[in-house]
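Listed in order, the protein sequences are those of chains D, P and Z. Numbered per our numbering, the first sequence spans residues 58 to 370. Numbered per our numbering, the second sequence spans residues 3 to 673. Numbered per our numbering, the third sequence spans residues 14 to 232. Where is the CB? At the ideal position from N, CA and C, for every residue including glycine.
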Amino acid sequence: MNGILLQLFQDTLVVVIAPLLLGWVNQCRAWLQNRSGAGVLQPYRNLIKLFHKDAVLAHNASPLFRFTPYILFASMWLAAALVPVVATDLPLSPAVDVIALVGIFALARVFISLAAMDIGTSFGTLGARREMLVGFLAEPALLMIFFTAAAISQSTSLVTIVETLAHKQFVIHPSLAFAAIAFVMVLLAENARIPVDNPSTHLELTMIHEAMILEYSARHLAMVEWASMLKLLAYTTIGFALFMPWGIAEAGNWSALPVALIALFLKLAVAGAGLALLETLSAKMRIFRVPEFMGTAFLLAVLGLLVHFLHGN
Amino acid sequence: MTNLISALPIDIALGVIVYWLILGLAGLLLQNTRAITQLIFPAGALGALILAAAALGSLGGDTNVAVLPLGLPDLPFHLRMDSLSSFFLLLLGAASIGISLYSAGYFRDMPGKTLGLLCFEYHVFLAAMALVFLADDAYMFMVAWETMALSSYFLVTTDHNIPETRQAGFLYLLIAHVGAIAILMCFGVMQAGHGDYTFATMRGAQLNAFWASVTFLLALFGFGAKAGILPLHAWLPEAHPAAPSPVSAMMSGIMLKTAIYGILRVSFDLLGMQLWWWGAIALTLGLVTALFGVLFAAVQTDMKRLLAYSSIENIGVILAGIGLAIIFHSFHKDALAALALTAALYHALNHAFMKGLLFLGTGSVLHATGERNLGKLGGLIHRMPKLALLVLVGTLALAGLPPLNGFVSEWLLLQAFLLSPGLPHSYLNMLIPIAAAALALAAALAGYVMVKFYGVIFLGQPREAKVVEQAHDIDAWERAGLIWLALGCILLGVFPVFFILHIDFVAQLLVGHTLGISAAQTGWMWLTPIQPERASYSPLVLFVIITIGVLFTLVVVKKFYHGRLRRGPAWDCGFPEQTARMQDTAEGFGQPIRQIFEPFLGATRTVPSPFDKNPHYHGESHDRLWNLLYLPIARVTEKLSAMAGKLQHGRIHVYLLYSFVTLLALLAFIR
Amino acid sequence: MENFAGQLINLFAALLLLIAFGMLSQRRILSLINLFALQGLVLSVSTLFVAYTSHQHHLYYSAGLTLLLKVIILPWILHRLIRKLNIKWDVETLFNIPTTMLVGIGLVVFAFNLAAPISLMAGTITKSSLGIAMACVLLSFLMMITRSKAIPQVIGFLAMENGLFFAATSATYGMPMVVELGIALDVLIGMFILGIFFFQIRETFDSLDLKHMEKLKED
């Protein structure tokens, strides 16, 4: 029963704080660039504005196009809800282990790419192609990162991974250093951040994510945007679960929950600021360099797994 | 009726085979399009249903044996139906139900004479595949195998007035026979001088490590030629597109699995031993095949060739699973071997459904538009919504996405990789993570390929309006077949434990261990191959949560916000001249892959100059292996035959001289 | 404590490998130099740890020497060099980077298998780091092969020496002090001579691209 309550709490929590994280990242970026910024609540305002607008659909939009934002939102919500964020006893988490989590991200990616191709504009297909280009290397890289953690904890369940890394005897795992670097690269690419994609521009030469969702408007766009905020949150919390799981409450330990919440917000604040710093420091890559960047991430992740096996024996 | 129920599964299977042969003959004699499509193909589907039911029932039951009083004197046909045979018969039956139903609709416009012949070949093909799975001696096996190869050759060359089709058919026949020779030699080695070619004798024969290895390699080569394993894949992308779509579906979905069956039968059952390096070879070969297949699929512009290359990929994945199982089995880690084997078998079953569905889907597209070239299609979701929905299921399944079936086998296989460390061999231990990475890469690329496949055919605007305009949606028979296969994809994806408990009988037979106990211990909803703490996956829960999530957000959005919606033109970025030609073509969508992997894909392109009045673009990706491997062999063969050709003069007395010299030589020899 | 220090040294070893891969995947000369300095720093800290756990006092001097030479002096010289020669940006690689890295992964597997029997004999606390050290040497060598410009090649050469040094500390607790000082001096002098060469090469060919060296061949 407690588990179910906790699951519901986390489901609500992630949906509510996802825009906050994006707002925080944007605010930090503004500060770093000597601007005053729009405030951390701006994404909420944007969402509300979008929900109030009239939706415009292209003449030849198919049902797939209209349905995709909901699938996208639901799968990203599911992903964010399944990562142990504050506590490890989540009744739904046995249903989806890390491999399935990668599968859910892939599901969302395939749907958004298909929806982007649906209208049949050159921008949509261009975005879909680039998204799949990033995805086909990001997906195995993410899988290998998970595998490194899974090989350490002998389990592909995120809950067990967190429990092993956070609550067992403290051991330094050199392989996680490789995985962490690869993970940051994958996070940047998968969430359409600089240096792979620029979330705040509509320049055709560079855009990936924005090109795909160009035809969406109003509530559909709001769902898509919210889904990508949830995705950023999911990725960030996955990063916490793998590389800094400290503070996440153990199963059944209710007294640790408030501490876990505070720890979560602190970690999110630090991670958001770090992300903004990274984005400010680096320059957008040419699109032809992206496969190289992703290939490097993938190979680093493979190397991490390899290093684990080499050390282990 | 009571007789039928109490009949042994093997008798039912034999009955179905005879029934199919009769149906084929009836079709040949009737030569009436209406009768064949409305009666014979649905009746064939019924036979398939009975076969599938019998096979399902006999999984885990007693092994049945039968001896047919046919064949040469003193050389009767031995038949045997154990769990392995039953599993593959189940695959054959279950997938061919959908394909036969679909054929009833698909061939409705074919002239009766051609159709009668096709119907005969089709049913002979089905019967021969069933016999391959049932054969219990090398003689029977080879007869069935060759019948299968020949009937499928004739099916491939249905459109024999097209030169490319004839060429494809020839190449197929050639490689099939090279493979058949290897299989024959493999059986020859296994009988170990007993002179008895029954499988029972082969099981009893004690081969030493060297001869066992020779047998395994011969089997891998021979069956690999049928399965399309690198480098014997050349026929596959030629033959599959050339055949009519239901036949492509059958070849890709089912016939390739006969080769998988053969490899399993020889390496796990007939040979009493296994060496770890066999597994390493199979694993490496499988992964190379998988990556090769998916890369070439990504750059294809013909939809059926794309699917054919994707079949090569999936066969590679299955072979990788088998290789892993052999590695584990040879190190006596039977629980892990069972996991890898289950993954391979499950993927074989999944592939029969997904690829069957997609090949049939392309058949409908071809039927409706007469176009196989992806570059001319597009926007079919508006013209053929039912087909688009059904094909979407297959697309998502083949892309390996949860909660559909392709993901389940991928999940199992990745679990097997992850649990593998601790093998007593250091290079092998390092091969495993790299192999897992290669598998993950192939799976992700499959997603790329499927987005391209579906997006270019069904989404966007029609690239050639006149091609797409006349398109009509599928008819009831076609729909029935497609729904059956799509349903299979969904059920196999959502209820994996049910099917795995059946596959367990095969694992028990081959490696002496099952997943069942651990898979079922947490209830039928949860798939837990080893222990729940180590790994668990529940597609049903996942499916339900996503559905609830979608419905919940839909309801909330509907309830709290207005549903005002306008239709307008797509945004043109201020450039009003947007045409359908500005979308990505198949070529364009595959361009990044072609660019990244350029060294592997021998690509040639002709690009028009900016001032060209009639701009024409042509791009092609060649199989480098063709130039590196096949052409030299062809050249050598040609040279040898030219030399032999010198013996031929056309003058009768020269021939008499040959005979005379031969006679003298023989006399001298036996003196 | 012993165990924990062992883990830390393993971590440093992994970091060295990571940096070696970073250098392999880096196109910019400036970042390459920074990575080289970082590698020196990691090396120096790990030597410090080895010194602390094994109570080998001469290793403290080694660590200090590494810090001075490889983190401060050499990067400083290299920075000056590229400013003088005005080459900060991208350098073309001969192969694309993922291919190079793929070869690199193969080298790591090879190095580990090569080192496995030796590290079994070694009685030190850091058994697996010998393989990493060897991998670092091979990777630096690979970097020298795949770069066409002179400066990355020199950095590759210096990084190779880092790997050797790490092998020495991890497998045998360091070389005798005299040898170490000798090597340090060699590296320094080598750097000076190469620096002078760079200017000469550029003056002769107007570029630091080593492709031009092919012209020196007699036809």
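For this session: Check the DSSP bridge columns for P:Glu-471 and list the partner residues they point to.
Result: In the DSSP output, where bridge partners are listed per residue, P:Glu-471 has none listed.
Problem set entry | Closest Cα partner of P:Glu-622 within the set P:Leu-382, P:Ala-350, P:Leu-461 and P:Val-301 | P:Val-301
Exercise. Which residues mark the beginning and the end of the beta strand (DSSP E) in which P:Ser-623 is found?
Worked result: 620-625
Exercise. Does DSSP classify D:Arg-343 as helix, strand or coil?
Worked result: coil
Exercise. What are the residues that DSSP puts in a beta bridge with D:Leu-114?
Worked result: P:Arg-569
Exercise. Hey, is the region 412-425 of chain P in contact with the region 338-357 of chain P, meaning 3+ C-beta pairs nearer than 8 angstroms?
Worked result: yes
Problem set entry | C-beta contact flag for D:Ser-179 and P:Ile-548 at 8 angstroms | no
For this session: Name, please, each residue of chain D whose Cβ falls closer than 9 angstroms to the Cβ of Z:Val-121.
Result: Leu-360, Leu-363, Val-364 and Leu-367
Problem set entry | In chain order, each alpha helix (DSSP H) run of at least 4 residues that lies wholly inside the region 311-381 of chain P | 336-371
Problem set entry | Beta-carbon contacts of P:Leu-258 that lie in its chain and below 6 angstroms, excluding the five residues immediately before and after | Ala-229 and Ile-317
Exercise. Of all Cβ atoms in chain P, is any one closer than 8 angstroms to the Cβ of D:Gln-211?
Worked result: yes
For this session: Using 10 angstroms around the beta-carbon of D:Ala-195, count the other beta-carbons present and answer buried if the total reaches 16, otherwise exposed.
Result: buried
For this session: Return the chain-ordered list of same chain residues with a C-beta closer than 6 angstroms to the C-beta of P:Ala-184, the five sequence neighbours on each side being excluded.
Result: Leu-220, Phe-223 and Gly-224
For this session: Mind the definition here: the region 302-309 of chain P touches the region 579-598 of chain P only if three or more C-beta pairs lie below 8 angstroms; say whether that holds.
Result: yes
Exercise. Taking Cβ positions, are D:Phe-300 and D:Leu-233 nearer each other than 8 angstroms?
Worked result: yes
Exercise. Going by DSSP, which residues form a beta bridge with P:Thr-606?
Worked result: P:Glu-622
For this session: Assuming P:Lys-378 and P:Gly-592 form a contact by the criterion Cβ under 8 angstroms, report the distance between their Cβ atoms to the nearest whole angstrom.
Result: Not confirmed; about 16 angstroms, so no contact.
Exercise. Is it the case that the Cβ atoms of P:Leu-627 and P:Pro-165 are separated by a distance below 8 angstroms?
Worked result: no
For this session: Kindly list the residues whose CB is nearer than 7 angstroms to the CB of D:Pro-148, restricted to its own chain and excluding five residues on each side of it in sequence; keep chain order.
Result: Gly-60, Ile-61 and Gln-64
Problem set entry | Burial state of P:Leu-665 (16 or more Cβ within 10 Å) | exposed
For this session: Report the residue from P:His-235, P:Glu-480 and P:Thr-35 whose alpha carbon sits nearest the alpha carbon of P:Asp-111.
Result: P:Thr-35
For this session: In the DSSP assignment, find the unbroken beta strand (DSSP E) run with P:Gln-82 in it and report its ends.
Result: Checking the sequence shown, residue 82 of chain P turns out to be Arg, not Gln. Where P:Arg-82 is concerned, the enclosing beta strand (DSSP E) stretches over 79-83.
Exercise. Enumerated in chain order, which unbroken segments of the alpha helix (DSSP H) with a length of 4 residues or greater are wholly contained in the region 111-187 of chain P?
Worked result: 114-136 and 140-158
For this session: Establish whether the CB of D:Phe-235 and some CB of chain Z are separated by less than 8 angstroms.
Result: yes
For this session: Throw me the rounded Cβ distance for the D:Ala-279 and D:Phe-108 pair, which I believe falls under 8 angstroms.
Result: 5 angstroms
Exercise. What did DSSP end up calling P:Tyr-539 once you bin it into helix, strand or coil?
Worked result: strand
Problem set entry | chain P contact for D:Asn-117 (CB, 8 angstroms cutoff) | yes
Problem set entry | Cross-strand partners of Z:Ala-2 (DSSP beta bridge) | With chain Z covering 14 to 232 only, the question about residue 2 of chain Z has no answer from this structure.
For this session: Determine the direct distance from the alpha carbon of D:Gly-304 to that of P:Val-559, and round the result to whole angstroms.
Result: 35 angstroms
For this session: Give the secondary structure of P:Val-67 by DSSP, where H, G and I count as helix, E and B as strand, and everything else as coil.
Result: strand
Problem set entry | Where Z:Lys-162 falls: helix, strand or coil (DSSP) | strand
Exercise. Comparing alpha-carbon positions, which option in P:Cys-121, P:Phe-189 and P:Val-126 lies nearest P:Gln-33?
Worked result: P:Cys-121
For this session: Measure how close the beta-carbons of Z:Thr-66 and Z:Thr-182 come, nearest whole angstrom, since I'm counting them as under 8 angstroms.
Result: Not really, about 11 angstroms apart at Cβ, beyond 8 angstroms.
Problem set entry | Within the region 35-83 of chain Z, ranges of the alpha helix (DSSP H) (whole runs, at least 4 residues) | 42-67 and 71-79
Exercise. From P:Ile-314 to P:Ser-88, what does the alpha carbon distance come to, in whole angstroms?
Worked result: 24 angstroms
Exercise. For a contact meaning CB atoms closer than 8 angstroms, what does P:Tyr-429 contact in chain Z?
Worked result: Val-122 and Asn-126
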